[in-house]
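J.:
2 protein chains.
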Amino acid sequence: MSPTRSSPTGILAGGLGRERLRAAYRGGEMTPVDVVAAVLDRIEARGEDAVWTARVPRAEALAAAAALDLGQIDRLPLFGLPFAVKDNIDVAGLPTTAACPEFGYLPRESAPLVDRLVAAGAILVGKNNLDQFATGLNGTRSPYGVPVNPQVPGLIPGGSSSGSAVAVAAGLVSFSIGTDTAGSGRVPAALTDIVGVKPSIGLVSATGIVPACRSLDCSSVFASSVADGAAVLAVLGGPDVADPWSRRLPVPAGDLPPLALAGLRLGVPSAISGWGTRGEQEAWLTCCARLVDAGVELVPLDLDELLEAGRELYQGAWVAERLSGLEEFLEREPAAVLPVIRTILADGAEVTGAEVFRALSGMHGRRARARALLADVDALLTPTVVETFTVEEMLADPISLNTRLGRFTTFTNLLDLCAVAVPVRPWSVAPFGVSVQAAAGRDEVALRIAAAIEGMAGVSPSGAAPVDGGLELAVVG
Amino acid sequence: MSPTRSSPTGILAGGLGRERLRAAYRGGEMTPVDVVAAVLDRIEARGEDAVWTARVPRAEALAAAAALDLGQIDRLPLFGLPFAVKDNIDVAGLPTTAACPEFGYLPRESAPLVDRLVAAGAILVGKNNLDQFATGLNGTRSPYGVPVNPQVPGLIPGGSSSGSAVAVAAGLVSFSIGTDTAGSGRVPAALTDIVGVKPSIGLVSATGIVPACRSLDCSSVFASSVADGAAVLAVLGGPDVADPWSRRLPVPAGDLPPLALAGLRLGVPSAISGWGTRGEQEAWLTCCARLVDAGVELVPLDLDELLEAGRELYQGAWVAERLSGLEEFLEREPAAVLPVIRTILADGAEVTGAEVFRALSGMHGRRARARALLADVDALLTPTVVETFTVEEMLADPISLNTRLGRFTTFTNLLDLCAVAVPVRPWSVAPFGVSVQAAAGRDEVALRIAAAIEGMAGVSPSGAAPVDGGLELAVVG
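Next comes the structure, spelled out in structure tokens:
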């Protein structure tokens with residue numbers, strides 16, 4: 001080891017953000033092997049933390065890191081970045097369980113998105129826990145336990161991509177891939193104070209992913225900064241003829257052009273009810289005030305139509321879509337499915353074909369009206385969540401509290417929007433974030449606005465890992 | 478009347494094609510009042526011909542014609558053209574029945590497409606008979622009777638837009654508006670030797686139209702030439718925020734730029750089975766040979782995937798969509814619905830919501846594969862129908878013969894294609910035509926290719942009315 005090389009502790013202390021690692025690799029201060037070894041040490045030291053359902057064997061991960069040639073770093077946008085994927089995404093050689101071990105299977109091929117990431121230089125370290133069948137927004141619905149929220153240990157981590165968000169928030173990987181149907185790629189980002197990028201439907205291949213609601217499912221990116229999220233999305237984006245819902249949409253730039261806040265018009269909800277008790281409303285109001293100070297015009301919009309649309313996901317026809325992929329398994333092994341998931345899926349069996357077609361026409365009308373509403377602004381800005389709960393609270397009332405988490409996320413895919421969730425931690429005592437939402441295809445606009453808000457909020461784009469157990473007071477308060 | 482003015486007989490003898498009428502109006506040889514009066518006389522002289530379900534009162538139609546100012550002809554692309562609409566399209570003041578009198582209602586407003594046509598100078602003369610609820614491709618499913626096929630009186634006129642096609646084919650209007658879900662805007666065009674333009678889904682507003690399968694329904698244009706069809710479609714095209722399935726798509730030019738056949742690549746079915754006994758196959762082969770002579774490259778394509786897709790419309794999940802708009806009425810007044818329609822709709826009640834979602838994902842995959850298949854050619858060319866039947870034959874076996882009519886039309890909307898049906902009469906003894914099909918949004922390409930084929934076939938673009946009872950031999954043969 002050369003004398004300029006970092007110690008294992010030093011490696012992790014600075015965070016696993018892309019720019020930092022690339023600079024360190026270029027400067028010879030670290031190698032991908034150093035980083036992966038340090039990451040694996042940290043993961044092993046944490047023991048059974050409910051973040052992982054499977055891990056790439058240490059030797060294999062280290063070999064992948066060792067195989068990277070520094071001479072290729074300019075060609076490999078994700079060179080030497082450790083990452084994880086949610087365990088509803090196929091990785092050849094590791095079981096896919098969707099947090100239901102009895103459902104598990106061993107895929108022969110990785111999902112194309114995993115191959116793309118690896119081809120871009122990223123190093124897979126493992127697969128993450130989730131709310132079973134990606135059905136939930138809270139992170140408590142898994143036989144593998146509840147991943148501890150590194151920001152406030154008593155609070156839920158959010159779901160369904162619970163382990164994937166915690167893996168980033170706890171500094172175990174540079175980024176992770178989740179999925180998002182109702183907010184699973186954004187709620188856990190907000191509740192662990194990281195960035196969650198939920199692309200337009202069809203921008204990223206969903207081949208090799210266990211469907212939740214197939215027509216709405218999106219792969220999503222968790223990262224410690226918007227810039228890192230964009231770099232990953234730029235690798236992932238592009239059409240896939242094997243994915244029926246794939247679309248040819250503009251792929252955002254991996255290196256986002258900066259954007260000035262001054263002069264932007266952002267739609268905001270004209271009214272928000274249901275605020276939590278952990279300072280969420282204050283954080284939102286501070287964020288809005290700072291944006292106005294920065295020259296943003298906030299345009300109050302009546303979002304009733306959007307909120308109504310959202311209710312159809314768990315309380316309408318789309319429950320039948322959620323059921324459609326699981327019907328056979330559910331009949332064969334009902335006991336393997338968590339009772340709360342069974343309860344939710346049971347409603348899907350009551351939905352008739354005619355009802356689905358009526359709902360589809362209705363939703364297409366809502367989409368057109370949402371597009372018209374948003375045509376007048378650069379993007380929509382909402383809180384990502386308006387409240388959060390302790391694990392205990394959630395387990396005591398698992399369905400209605402879950403629905404409340406999705407107030408500003410559940411409509412997004414139904415209305416064919418893209419979204420970027422970004423933390424505004426300096427203004428909140430509990431985890432809290434806002435989401436920039438825009439029409440499908442405007443992913444780059446949403447990312448650039450989110451990056452500008454992130455910059456304004458002074459969230460470190462270096463991806464510094466948070467101090468474990470940071471804000472325990474908030475749980476008590 | 479000036480000495481240069483045409484006699485009523487002369488007016489109709491030359492056909493009601495757009496270019497002829499515009500030239501005659503400009504030259505002062507006729508006025509819109511002359512034409513409308515002659516048309517109404519001819520309609521009245523025919524008596525109960527099962528073509529009409531309702532007519533605009535004579536005085537009203539003549540007043541509309543008289544109100545047209547010749548000075549505005551350059552501004553009004555449909556100046557003085559008499560037209561009709563299928564009776565599943567709302568016209569203020571006339572009942573909408575969808576060929577089910579008990580279902581009928583009196584709309585307060587006309588469908589926006591009717592308003593557009595009138596604003597462009599067209600003159601509505603009435604509403605046309607159809608297969609009940611636009612469910613059928615044959616023209617025999619109506620309590621108002623079977624419109625007589627003016628080409629071969631014993632043969633079915635085709636449906637569901639039976640009356641609308643016959644109104645054009647019998648020289649009663651310049652053009653008419655039908656609807657097309659499974660081929661209702663193309664099969665009757667082929668069987669009456671006229672042009673049928675089936676635009677991309679969402680190009681023309683479907684507001685004020687009784688839905689068949691709402692996500693697939695298209696308004697369509699019947700005309701005596703492709704040029705006339707294009708002129709009408711150019712007036713109709715454009716987004717409508719009130720129509721959930723409306724899309725922003727390129728509106729074709731009303732004045733089509735000509736296109737040379739030489740050098741075109743047209744996909745054709747690599748195999749066609751089920752040919753009828755009335756010379757259809759010979760007509761198809763002659764058409765193909767002439768195209769090759771003209772320098773077209775015919776590319777045989779395996780259309781199995783497309784044909785399979787088509788079967789899902791009447792034998793799969795989409796029957797539930799057909800049911801979805803009628804469920805309530807059907808429960809209230811089952812006896813008002815024709816037995817054959819009841820039989821078809823009954824299957825829709827068996828379809829579960831989960832099945833619909835699985836079918837939607839499957840069809841999205843088929844759409845992607847169809848797009849990939851067609852990406853290599855300028856358009857797909859198929860027979861519009863491969864066989865036809867007498868009214869007697871059809872009534873004896875009303876469901877399976879109907880399905881056979883739709884072999885090359887039923888997949889079109891399910892796979893998100895547009896199509897233009899054009900007659901190739903010189904090469905056939907029975908009514909026969911071909912269809913140019915292309916991906917959604919390529920309406921102008923399809924129209925231009927169809928116009929070139931029409932020109933090659935020597936079909937008069939003047940819209941000459943056929944001689945009544947032209948080809949009775951073919952029925953016998």
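Chains S and V supply the protein sequences, listed in that same order. Going by our numbering, the first sequence opens with residue 1, and the numbers climb by one from there. Going by our numbering, the second sequence opens with residue 478, and the numbers climb by one from there. Every residue gets a Cβ at the ideal spot worked out from N, C-alpha and C, and that includes glycine. Please read these numbers as outputs of a predicted model, since none were measured by experiment.
(1) Which residues in the same chain as T880 of chain V place their Cβ atom closer than 7 Å to its Cβ, once the five residues preceding and following it in sequence are excluded?
(2) Can you check which of these residues, S:F389, S:E280, S:R425 and S:D443, is closest to G455 of chain S by C-alpha distance?
(3) Would you mind sorting R479 of chain S into buried or exposed? The rule is 16 or more other CB atoms within 10 Å of its CB.
(4) Return the bridge partner residues of G178 of chain S from the DSSP annotation.
(5) In angstroms, rounded to a whole number, what distance separates the CA positions of G163 of chain S and L892 of chain V?
(6) Using the three-state DSSP reduction, which class does V687 of chain V fall into: helix, strand or coil?
(7) Should G310 of chain S be flagged as near chain V, meaning a C-beta pair shorter than 8 Å?
(8) Could you please tell me which residues of the region 318-336 of chain S, in chain order, have their CB closer than 7 Å to any CB of chain V?
(9) So, helix, strand or coil for L736 of chain V, using DSSP?
(10) Would you decide whether D853 of chain V is buried or exposed? Buried here means 16 or more other CB atoms lie within 10 Å of its CB.
(11) Taking Cβ-Cβ distances shorter than 8 Å, what residues in chain S pair up with V828 of chain V?
(12) What did DSSP end up calling R186 of chain S once you bin it into helix, strand or coil?
(13) Looking at the structure shown, is N129 of chain S part of a helix, part of a strand, or coil, going by DSSP?
(14) In the DSSP assignment, the beta strand (DSSP E) including L381 of chain S goes from what residue to what residue?
(15) Where G441 of chain S and S200 of chain S are concerned, what is the direct C-alpha to C-alpha distance, given to the nearest angstrom?
(16) Name the DSSP bridge partner or partners of F580 of chain V?
(17) So W761 of chain V is in the beta strand (DSSP E); what residue range does that whole segment cover?
(18) Please name the residue in V:G935, V:V863 and V:Y502 whose C-alpha comes closest to that of S912 of chain V.
(19) I'd like the ranges of any alpha helix (DSSP H) spanning at least 4 consecutive residues and lying wholly in the region 762-816 of chain V.
(20) Q151 of chain S by DSSP, collapsed to three states: which one?
(21) According to DSSP, simplified to helix, strand and coil, what is L680 of chain V?
(22) Can you tell me whether E355 of chain S is buried or exposed? The criterion is at least 16 other CB atoms within 10 Å of its CB, across all chains shown.
(23) So which residues of chain V does S215 of chain S contact, with C-beta pairs closer than 9 Å?
(24) Quick one: is V728 of chain V near chain S, going by C-beta distance under 8 Å?
(25) Return the chain-ordered list of same chain residues with a C-beta closer than 7 Å to the C-beta of R843 of chain V, the five sequence neighbours on each side being excluded.
(26) Please confirm if V718 of chain V has its CB atom under 8 Å from at least one CB of chain S.
(27) Cβ of S246 of chain S less than 8 Å from any chain V Cβ?
(28) I want to verify the contact list: residues of chain S whose CB lies under 9 Å from the CB of A849 of chain V, in sequence order.
(29) In chain order, what residues of the same chain lie with their CB nearer than 7 Å to the CB of I341 of chain S, ignoring the 5 residues before and after it?
(30) So, is V85 of chain S buried or exposed, given that buried needs 16 or more other C-beta atoms within 10 angstroms?
(31) Using only the alpha-carbon positions, how far apart do L130 of chain S and A262 of chain S sit?
(32) Measure the CB-CB distance between Q437 of chain S and A368 of chain S and report whether it falls below 8 Å.
(33) How many Å lie between T409 of chain S and G802 of chain V at the Cα?
(34) Mark T829 of chain V as exposed unless 16 or more other C-beta atoms lie within 10 angstroms of its C-beta, in which case mark it buried.
(35) What does the Cβ neighbour count give for L493 of chain V, buried or exposed, with the cut at 16 atoms within 10 Å?
(36) Identify the continuous alpha helix (DSSP H) that holds R366 of chain S and give its terminal residues.
T.: The relevant details are as follows:
(1) If we look at T880 of chain V and ignore the five residues flanking it on each side, its Cβ neighbours are Y791.
(2) Among S:F389, S:E280, S:R425 and S:D443, the Cα nearest to that of G455 of chain S is on S:R425.
(3) Because chain S in this structure spans residues 1 to 477, residue 479 of chain S falls outside the shown range and cannot be described.
(4) For G178 of chain S, which the question treats as bridged, DSSP gives the partners S:S220.
(5) One C-alpha to the other measures close to 39 Å.
(6) In the structure shown, V687 of chain V sits in coil (DSSP, three-state: anything other than H, G, I, E or B).
(7) Interface residue (Cβ-Cβ distance to chain V less than 8 Å): G310 of chain S is not classified as such.
(8) Residues A320, E321, L323, S324 and E327.
(9) Correct three-state label for L736 of chain V: coil.
(10) Exposed is the call here.
(11) Below the 8 Å Cβ cutoff, chain S contributes T352, G353 and A354 as neighbours of V828 of chain V, in chain order.
(12) Note: R186 of chain S maps to coil in three-state DSSP.
(13) In this structure, N129 of chain S counts as coil in the three-state DSSP scheme.
(14) Looking at the DSSP string, the run of the beta strand (DSSP E) that includes L381 of chain S is A379 to P383.
(15) G441 of chain S and S200 of chain S: Cα-Cα distance of roughly 6 Å.
(16) Paired residue(s): none; F580 of chain V is not in a bridge.
(17) Not the beta strand (DSSP E): W761 of chain V falls in the alpha helix (DSSP H), residues E757 to D770.
(18) When the alpha-carbon of S912 of chain V is set against those of V:G935, V:V863 and V:Y502, the nearest one is in V:V863.
(19) Scanning the region 762-816 of chain V for uninterrupted alpha helix (DSSP H) segments of 4 residues or longer gives 781-792, 795-801 and 804-809, listed from N- to C-terminal end.
(20) Residue state, collapsed to three classes: coil.
(21) Assigned with DSSP and collapsed to three states, L680 of chain V falls in coil, not helix or strand.
(22) Classification for E355 of chain S: buried.
(23) Against chain V, a Cβ distance below 9 Å from S215 of chain S picks out F834, L837, S838 and H841.
(24) The beta carbon of V728 of chain V does not come within 8 Å of any beta carbon belonging to chain S, so the residue lies off that interface.
(25) So the qualifying residues of the chain are E782, A786 and L892.
(26) Closer than 8 Å to some Cβ of chain S, the Cβ of V718 of chain V qualifies, so yes.
(27) Closer than 8 Å: yes.
(28) Per Cβ cutoff of 9 Å: V241.
(29) Within its own chain, the residues whose Cβ lies closer than 7 Å to the Cβ of I341 of chain S, once the five positions on either side in sequence are excluded, are Q132, F133, T135 and R141, listed in chain order.
(30) Of the residues assessed, V85 of chain S falls on the buried side of the cut-off, its CB having 16 or more other CB atoms within 10 angstroms.
(31) If you take the alpha carbons of L130 of chain S and A262 of chain S, they lie about 39 Å apart.
(32) No, the Cβ-Cβ distance between Q437 of chain S and A368 of chain S is not below 8 Å.
(33) A direct Cα-Cα distance of roughly 31 Å separates T409 of chain S from G802 of chain V.
(34) Buried, because 16 or more other Cβ atoms sit within 10 Å of the Cβ of T829 of chain V.
(35) Buried: at least 16 other Cβ atoms inside 10 Å.
(36) That run of the alpha helix (DSSP H) goes G353 to L374.
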